[in-house]
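Worksheet for the structure shown next.
Chains as they are written, first to last, in my numbering: chain A, 1 to 304; chain B, 1001 to 1064.
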């Protein structure tokens, strides 16, 4: 029972090909795979100003760690700034914010914090108290995407990097299929966006081909977070159901999540072509980009 | 018997099984959703434990 590449003790068995890797071979594998994704899909170009959207959880601190190394190797020609979104979730986000602050302080990375409280006057906990029947994730997802885009544009970012992994992408693909929301799938992929618009900062996903377990292993081996935590509201979401379903299938048929994403990438160019002329409006209330007269974030603000 | 600390539930249980994958099965935990450590080192699901071993099961899903 040794590592595939050396005689060291393995720390992980990869699910898509059953290879066993030791600590140092896994870290090399992980970083090479992320950098191959960056290169293959041209996620980063010279002189890019990358803002990394972070929560302080395993995915975002791992992508921050990787891009910090990536930037240093290129003599800081690519600038990086961390942008933390504080939703205001007691006994959850406060822990990961401390991990994020510690990491940025130790690595001398600029950290900008934006919060739901500052944007809407309420924390997510308060919104949920007021709207008991509304699923927290439906308000949270809208506000997070809105704040990430608006704040990274203010920070003059050319790209917004997130810690989305293969599991997240496979879940989004399946959720859009279940709800017949194929136009939303056109916005997925390693680099998001159907058409260029200066109001939208392109989002890049260097961990597109890495599983959640691989990201957690990388975060653990690099001592990036103090405690693995699950959002207290996640059981309310449809994503939670799809995530468990996919994990059940994956344990019976290893490699399923990779296949879902690989199949999706084959049809993604056709989806982008089909939806390339979708109109982008301006929200009457906040002047941010919107799919109708009022953007989704302002609709959430009006009900909380 | 090996002792298992479940980080998500913050509780410790004793189990009869000695192979990690069998422990996960008996606790109804999907192996793709966790990482497992012994003495702060990651171990594989096929690892065999001794009766005195203590392991920790850490969820990899953070949500949100």
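Quick reminder that beta carbons are idealized off the backbone N, C-alpha and C, glycines included.
Residue burial classification, residue i (beta-carbon count within 10 angstroms, cutoff 16)
{"i": "residue 30 of chain A", "result": "buried"}
{"i": "residue 178 of chain A", "result": "exposed"}
{"i": "residue 55 of chain A", "result": "buried"}
{"i": "residue 144 of chain A", "result": "buried"}
{"i": "residue 116 of chain A", "result": "buried"}
{"i": "residue 120 of chain A", "result": "buried"}
{"i": "residue 197 of chain A", "result": "exposed"}
{"i": "residue 214 of chain A", "result": "buried"}
{"i": "residue 139 of chain A", "result": "buried"}
{"i": "residue 167 of chain A", "result": "buried"}
{"i": "residue 130 of chain A", "result": "exposed"}
{"i": "residue 26 of chain A", "result": "buried"}
{"i": "residue 209 of chain A", "result": "buried"}
{"i": "residue 278 of chain A", "result": "exposed"}
{"i": "residue 1064 of chain B", "result": "For residue 1064 of chain B, the predicted structure reports a pLDDT of 44, less than 50, and the residue's modelled location is therefore unreliable. A value from the coordinates is still provided. Buried is the call here."}
{"i": "residue 253 of chain A", "result": "exposed"}
Cβ neighbours of residue i in the same chain (closer than 8 Å, five flanking residues each side left out)
{"i": "residue 173 of chain A", "result": "185, 188, 260, 261 and 264"}
{"i": "residue 182 of chain A", "result": "176 and 271"}
{"i": "residue 193 of chain A", "result": "187, 200, 202 and 203"}
Residues near residue i by beta carbon distance below 6 Å, same chain, minus five either side
{"i": "residue 79 of chain A", "result": "49"}
{"i": "residue 255 of chain A", "result": "16"}
{"i": "residue 218 of chain A", "result": "30 and 62"}
{"i": "residue 128 of chain A", "result": "136"}
Whole-Å CB distance - residue i paired with residue j, under 8 Å assumed
{"i": "residue 52 of chain A", "j": "residue 67 of chain A", "result": "6 Å"}
{"i": "residue 151 of chain A", "j": "residue 112 of chain A", "result": "7 Å"}
{"i": "residue 1005 of chain B", "j": "residue 1054 of chain B", "result": "7 Å"}
{"i": "residue 101 of chain A", "j": "residue 170 of chain A", "result": "With a Cβ gap of about 31 Å, residue 101 of chain A and residue 170 of chain A do not count as contacting."}
{"i": "residue 70 of chain A", "j": "residue 191 of chain A", "result": "Not a contact, Cβ separation roughly 16 Å."}
Cut-off 7 Å between Cβ atoms - residues of its own chain near residue i, not counting five sequence neighbours on either side
{"i": "residue 1008 of chain B", "result": "1059"}
{"i": "residue 294 of chain A", "result": "283, 284 and 285"}
{"i": "residue 97 of chain A", "result": "56, 84 and 86"}
Mind listing, in chain order, the continuous beta strand (DSSP E) runs of no fewer than 3 residues lying wholly within the region 87 to 162 of chain A?
110 to 115 and 159 to 161
Which parts of the region 45 to 73 of chain A are runs of the beta strand (DSSP E), unbroken and 3 residues or longer, counting only runs that do not cross its ends?
49 to 54
Length-filtered (4 minimum) alpha helix (DSSP H) runs lying within the region 17 to 48 of chain A
As summarised for the region 17 to 48 of chain A, the continuous alpha helix (DSSP H) elements at least 4 residues long and confined to that stretch are 23 to 40, given in chain order.
Listed in chain order, which residues of the region 1047 to 1062 of chain B have Cβ atoms closer than 7 Å to some Cβ of chain A?
1058, 1059, 1060, 1061 and 1062
By the 8 Å beta-carbon criterion, what residues does the region 1010 to 1027 of chain B contribute toward chain A?
none
Any C-beta of chain B within less than 7 Å: which residues of the region 92 to 125 of chain A qualify?
So the list is empty, because no residue satisfies the distance condition.
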